[in-house]
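*Asks:* Structure in structure tokens, see below.
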Amino acid sequence: MKIMIVGGGGREHAIAWAVAKSPKCDKLYAAPGNAGIAELAECVDISVMDADSLVAFAKEKEIDFVIVAPDDPLAAGVADAFLDAGIKTFGPRKNAAIIEASKAFSKDLMKKYDIPSAAYETFEDADAALAYLETQEAPYVLKADGLALGKGVLICQTLEEAKDGIKEIMIDKKFGDAGNKVVIEEFMTGREVSVLCFSDGKTILPMTSAQDHKRAGDGDTGLNTGGMGTFSPSPFYTDEVQKFCEENVYQRTIDAMAAEGREFKGVLFCGLMLTPKGPRVLEFNARFGDPEAQVVIPRLKNDIVEVMEACADGTLDKINLEFEDNAAVCVMLASDGYPVSYKKGFEIKGLENFAGKDDYFVFHSGTKFNEEGKVVTNGGRVLGVTALGNTLVEARANAYKATELIDFENKYMRHDIGKAIDEK
Ligand code: AMP
Ligand code: GLY
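Just so you know, the sequence shown maps onto residues 79 to 502 in this note's numbering.
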């Protein structure tokens, strides 16, 4: 089969790595890809949002199967464009990707179908939101309705801060149209766990669990980022938690979407918080997480192409999803200054140390070739170094050891990825 991946980050590199291993894959394309993906796929410089050019390219190359990986194109209907052109596609249609693209939609869905989540109110009017805040207690959780690069959630410790937050989102439009509506939510406490699930619209198969580290600095300090590192599995995702989510979250959500006429095919990412009252859904995403994919996919035993095709074909009930009985840790190597401002274009040294290894990998997030053909930094998050191990402790030691193999100017990383596992 000829397969194309739409996207160009670390998540897409991890997907490409697994797809390239499949006996079903004869030729792999990526749009736009990056310097790491280029080792596995022919990269074509088309924007992930340019549906017309993507479909034209897929037709020209007679591509059999397309994987749309990032949130923005899914929310904009890029999967629809391929499907409507008669091309088999992995990834939800726009009317289902809304489960991520609108927080108000997902909160209303959870309320209607009794899926456990935080209490909330939605506002389209800033004055009404400000008045409501007066009736609530700190801390306040404010969420811009739309996609905001993972930065649209504000946790405010004081009423003043929360009021400023409403003004920033709804009046100053800090996140653009994503702030036309705001969800104000009950503040919850507990550990966070991410469970990514394959779905064909009827059957849902949860993958192994993972945990992300969203803050930029050690000890969960500093600004929110796209994710500074992950580990899998989460020791806090116990059999009891899993059973609760199987009974109250996964299947119920897919069935709710189907009942709403929004068949969900692709990856449903369930962001959970393990609160003292039980697991609660923090958010849904309509795609693999980044960098969750970098620790979950290397542990998958199945042929990923077979599983993804089953999602598209509606035959996921025939798949027995299996993961290795091991652990993985991904440490993100970023550009110093991320997520605010940083320099890029620095040569990356040591990538050759990862060639042919099957227990540690480097997934490219923000890299490109410069004019001399050298791989240089090209983003805030640059590389995800993932290592496997028999245990989480071993995987973490292996991952940090592997980070030493890479060098570039401005290299920055957190030193406590997976530290939480010591508490278990
Ligand atoms: P979200 O994009 O909805 O996952 O929110 C981003 C982050 O904000 C989450 O990973 C949590 O750390 C935090 N958060 C979101 N909602 C709540 C809540 N209701 N209570 C406490 N923390 C929250
Ligand atoms: N790592 C969090 C996300 O992909 O949304």
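Don't be surprised by glycine CBs; every beta carbon is placed ideally from N, CA and C.
So does Asn363 have its beta carbon nearer than 6 Å to some heavy atom of the ligand GLY?
*Replies:* Under cutoff, so the answer is yes.
*Asks:* Could you say which of Ala153, Gly279, Gly305 lies nearest to Pro369 if we only look at CA atoms?
*Replies:* The shortest Cα separation from Pro369 among Ala153, Gly279, Gly305 belongs to Gly305.
*Asks:* Looking at the ligand GLY, does it come within less than 6 Å of Gly367, judged from the CB to the closest heavy atom?
*Replies:* Flag set: Cβ of Gly367 near the ligand GLY.
*Asks:* Is Asp128 a contact residue of the ligand GLY, with contact defined as CB to any heavy atom under 6 Å?
*Replies:* Not under cutoff, so the answer is no.
*Asks:* Using a Cβ-Cβ cut-off of 7 Å (strictly less than) and excluding sequence neighbours within five positions of Val319, which residues of its own chain qualify?
*Replies:* Once the five neighbours on either side are set aside, the close Cβ partners of Val319 are Leu352, Pro357.
*Asks:* Taking just the CA atoms, how far does Phe441 sit from Ala433?
*Replies:* The straight-line gap from Cα to Cα measures roughly 12 Å.
*Asks:* Can you give me the C-alpha to C-alpha distance between Asp542 and Asp381, rounded to a whole angstrom?
*Replies:* The chain is shown from 79 up to 502; residue 542 falls before or after that span and cannot be answered.
*Asks:* In the DSSP assignment, what are the bridge partners of Gln289?
*Replies:* DSSP output for Gln289 lists Phe309 as bridge partner(s).
*Asks:* Could you check whether Val146 and Ala207 sit closer than 7 Å to each other, using their CB atoms as the reference points?
*Replies:* No, the Cβ-Cβ distance between Ala207 and Val146 is not below 7 Å.
*Asks:* If Val463 and Val374 are in contact, beta carbons under 8 Å, what's the gap, nearest whole angstrom?
*Replies:* The pair is not a contact, with the Cβ atoms about 16 Å apart (cut-off 8 Å).
*Asks:* Compare the Cα-Cα distances from Pro27 to each of Leu225, Lys190, Val219 and report the closest residue.
*Replies:* As displayed, the chain neither begins before 79 nor continues past 502, which places residue 27 out of reach and without an answer.
*Asks:* Does the ligand AMP have even one heavy atom less than 6 Å from the beta-carbon of Met266?
*Replies:* Flag set: Cβ of Met266 near the ligand AMP.
*Asks:* For chain C, find out if any of its Cβ atoms is closer than 7 Å to the Cβ of Lys139; answer yes or no.
*Replies:* Of the protein chains in the structure, only one exists, and it is not chain C.
*Asks:* If you drop the 5 nearest sequence neighbours on each side, which residues of the same chain put their C-beta closer than 8 Å to that of Pro194?
*Replies:* Excluding residues within five positions, the ones whose Cβ falls inside 8 Å are Met188, Asn326, Val327, Gly356, Pro357, Arg358, Val359.
*Asks:* Would you say the beta carbon of Gly344 comes nearer than 6 Å to a heavy atom of the ligand GLY?
*Replies:* Not so, every heavy atom of the ligand GLY lies at least 6 Å from the Cβ.
*Asks:* Here's the rule: buried if 16 or more other CB atoms are within 10 angstroms of the residue's CB, otherwise exposed. What is His91?
*Replies:* His91 is buried by the Cβ-count criterion.
*Asks:* What three-state label does DSSP hand Gly272 in the structure shown?
*Replies:* Residue identity check: residue 272 is Ser in the sequence provided, not Gly. Ser272 falls in the strand class under three-state DSSP.
*Asks:* Let's see if you can read the secondary structure: which residues bound the alpha helix (DSSP H) around Ala412?
*Replies:* Here Ala412 belongs to no alpha helix (DSSP H); instead the beta strand (DSSP E) covers 405-413.
*Asks:* Would DSSP call Arg330 helix, strand or coil?
*Replies:* Of the three classes helix, strand and coil, the one that applies to Arg330 here is helix, per DSSP.
*Asks:* Just to confirm, does Ala196 get its C-beta within under 6 Å of one of the non-hydrogen atoms of the ligand AMP?
*Replies:* Correct: Ala196 has its Cβ closer than 6 Å to the ligand AMP.
*Asks:* State the beta-bridge partners of Asn173 as determined by DSSP.
*Replies:* Per DSSP, none; premise fails for Asn173.
*Asks:* Taking only runs of the beta strand (DSSP E) that begin and end inside the segment 374-462, which ones reach a length of at least 3 residues, in chain order?
*Replies:* The segment 374-462 contains these whole beta strand (DSSP E) runs: 405-413, 438-442, 445-447, 453-455.
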